[in-house]
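2 protein chains.
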Amino acid sequence: MTDPNESYVLDEQVGFLLRLAYQRHMALFMERMTGGLTPTQFSTLYRLREASEPLSQNALGRLVGMDAATTKGVVSRLLARDLIHVEKDGEDRRRYTLFITDTGCHLLDAVLPDVIGSSEATLARLTSTERDQLLQLLKRLI
Amino acid sequence: MTDPNESYVLDEQVGFLLRLAYQRHMALFMERMTGGLTPTQFSTLYRLREASEPLSQNALGRLVGMDAATTKGVVSRLLARDLIHVEKDGEDRRRYTLFITDTGCHLLDAVLPDVIGSSEATLARLTSTERDQLLQLLKRLI
DNA sequence: GAAACATCGTTTGTATGCAAATGAATTTCT
DNA sequence: AGAAATTCATTTGCATACAAACGATGTTTC
Numbered sequence: 001m002t003d004p005n006e007s008y009v010l011d012e013q014v015g016f017l018l019r020l021a022y023q024r025h026m027a028l029f030m031e032r033m034t035g036g037l038t039p040t041q042f043s044t045l046y047r048l049r050e051a052s053e054p055l056s057q058n059a060l061g062r063l064v065g066m067d068a069a070t071t072k073g074v075v076s077r078l079l080a081r082d083l084i085h086v087e088k089d090g091e092d093r094r095r096y097t098l099f100i101t102d103t104g105c106h107l108l109d110a111v112l113p114d115v116i117g118s119s120e121a122t123l124a125r126l127t128s129t130e131r132d133q134l135l136q137l138l139k140r141l142i
Numbered sequence: 143m144t145d146p147n148e149s150y151v152l153d154e155q156v157g158f159l160l161r162l163a164y165q166r167h168m169a170l171f172m173e174r175m176t177g178g179l180t181p182t183q184f185s186t187l188y189r190l191r192e193a194s195e196p197l198s199q200n201a202l203g204r205l206v207g208m209d210a211a212t213t214k215g216v217v218s219r220l221l222a223r224d225l226i227h228v229e230k231d232g233e234d235r236r237r238y239t240l241f242i243t244d245t246g247c248h249l250l251d252a253v254l255p256d257v258i259g260s261s262e263a264t265l266a267r268l269t270s271t272e273r274d275q276l277l278q279l280l281k282r283l284i
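Same order as they appear, the protein sequences are chains A and B. Take 1 as the starting number for the first sequence in the numbering used here and just add one per residue. Take 143 as the starting number for the second sequence in the numbering used here and just add one per residue.
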């Protein structure tokens, strides 16, 4: 018989561990980030640069896993820093098309070492094999 | 030579994957949760019940991985629903000691199946071995 | 062509989360 | 005992996040 008081152990729950792991990563990220970008802002800017086609605001948000309301705030902050700029779509008058600016491009290049360092720091306790394992397992959760 | 355009792949970064994985878990959690508790509120309440000794607000927060500011809000919401109650500490006049109420206890019991179901749903695509692997790897990150 | 539906961007409200500052109380150091 | 440091709870400001509603615009259907 298992002890009913121990049948549910919080420290063994995926959700609890995922929250703490992401929290720790964010701390390491912000520690190293010299360019004043949050993880979400960095991801958004990076996705915009690597996009092969012009992206609307919502489309970009979807590529980063943000809903429209969250995207709005992130894009506003990137706009305020001149890291991206906006053009009205001629075909669809609801749409804004987003572009990364030179400033944004240079910032991405400048902070990439910080970002890579934060991933490295997060995974520091794992071997190379374990890192691959973890990434593969996380991808299967999504 | 690796393509410099592919040397940093967003979809292979721990931080990005952790964020999406936790996001997905939260969605599955809230879908199943019948008691109106968020993952953080549930964890906080559960930790309070399982605690072997009386806990101050900050001490409880630390056990759940929240800072004092976040804890304040979570505790307020649990108080507002009568899931916990507070007593002034006689020895340390800065301190509030927190206790779970009967209502809180019953709610925990009632929603435990929801919570277990959400963990199960999050891990659904993994085998039993892979689940263990993932949990162990996540613990090493923290 | 008109109605029904979907999408775009926005706004409001709520809930984590962190940083930084505060005042009050306690502990530690000297 | 008194000064210094720490801890407790709180507050403010900022940045994700989601839900739900909104008006404006597009698309589909009939």
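Just so it is clear, CB atoms sit at the ideal spot from N, CA and C, and this is done for glycine as well. Nothing here was measured: the structure is a model prediction, and the numbers come from that model.
Residue j beta carbon less than 8 Å from that of residue i
i: Glu-272 of chain B; j: Leu-137 of chain A; result: yes
i: Ile-226 of chain B; j: Leu-250 of chain B; result: no
i: Arg-143 of chain A; j: Tyr-164 of chain B; result: Since the first residue of chain A shown is 1 and the last is 142, residue 143 of chain A is not available in this structure.
i: Phe-29 of chain A; j: Gly-157 of chain B; result: yes
i: Arg-267 of chain B; j: Arg-140 of chain A; result: yes
i: Leu-152 of chain B; j: Ser-43 of chain A; result: yes
i: Leu-205 of chain B; j: Val-253 of chain B; result: no
i: Gly-246 of chain B; j: Leu-187 of chain B; result: yes
i: Thr-182 of chain B; j: Val-216 of chain B; result: yes
i: Leu-159 of chain B; j: Ile-142 of chain A; result: yes
i: Gln-275 of chain B; j: Gln-133 of chain A; result: yes
i: Thr-243 of chain B; j: Asp-231 of chain B; result: no
i: Asp-92 of chain A; j: Arg-32 of chain A; result: no
Neighbouring residues, chain A, relative to residue i (Cβ below 8 Å)
i: Ser-260 of chain B; result: Gly-15
i: Phe-171 of chain B; result: Gly-15
i: Leu-254 of chain B; result: Tyr-8
i: Leu-202 of chain B; result: Neighbours of Leu-202 of chain B on chain A: none; closest Cβ ~13 Å, over 8 Å.
Paired residues, beta bridge with residue i - DSSP
i: Leu-240 of chain B; result: B:Leu-197, B:Val-228
Residue i Cβ short of 7 Å to the ligand SAM heavy atom set
i: His-167 of chain B; result: The ligand content of the structure shown is nil, which means the ligand SAM is not present either.
Residues that residue i contacts on chain B, provided the C-beta gap is smaller than 8 Å
i: Gln-41 of chain A; result: Per Cβ cutoff of 8 Å: no residues; Gln-41 of chain A is ~13 Å from chain B at best.
i: Arg-32 of chain A; result: Residues of chain B passing the Cβ test: none, with the nearest at roughly 11 Å.
i: Gly-65 of chain A; result: Arg-161, Leu-162, Gln-165
i: Leu-78 of chain A; result: Going along chain B, no residue has its Cβ under 8 Å from Leu-78 of chain A, so there is no contact; the nearest lies around 16 Å.
Beta-carbon neighbours of residue i, restricted to chain A and to distances below 7 Å
i: Thr-264 of chain B; result: Val-14, Gly-15, Leu-141
Partner residues on chain B for residue i, Cβ-Cβ distance less than 9 Å
i: Gln-150 of chain A; result: Coverage of chain A is limited to positions 1 through 142, which leaves residue 150 of chain A absent and any answer about it impossible.
i: Gly-36 of chain A; result: Going along chain B, no residue has its Cβ under 9 Å from Gly-36 of chain A, so there is no contact; the nearest lies around 17 Å.
i: Arg-125 of chain A; result: Arg-282, Leu-283
i: Leu-107 of chain A; result: Within 9 Å Cβ-Cβ: nothing; Leu-107 of chain A doesn't reach chain B, min ~14 Å.
i: Tyr-98 of chain A; result: The identity of residue 98 of chain A in the sequence shown is Leu, whereas the question assumes Tyr. Within chain B, no residue comes near Leu-98 of chain A; the closest Cβ sits about 17 Å away, beyond 9 Å.
7 Å Cβ cut-off: residues of chain B touching residue i
i: Glu-130 of chain A; result: Leu-279
i: Tyr-22 of chain A; result: Leu-160, Arg-161, Tyr-164
Start-to-end residues for the alpha helix (DSSP H) that takes in residue i
i: Val-14 of chain A; result: 14-32
i: Thr-182 of chain B; result: 181-192
i: Asp-132 of chain A; result: 128-141
i: Gly-215 of chain B; result: 210-222
Neighbour list for residue i in chain A, Cβ cutoff strictly below 9 Å
i: Arg-189 of chain B; result: Leu-10
i: Leu-225 of chain B; result: In chain order: nothing, as chain A lies at least about 17 Å away.
How do the region 64-71 of chain A and the region 112-128 of chain A stand: do at least 3 beta-carbon pairs fall below 8 Å, yes or no?
-> Note that the region 64-71 of chain A does not touch the region 112-128 of chain A; fewer than 3 beta-carbon pairs, one per stretch, sit closer than 8 Å.
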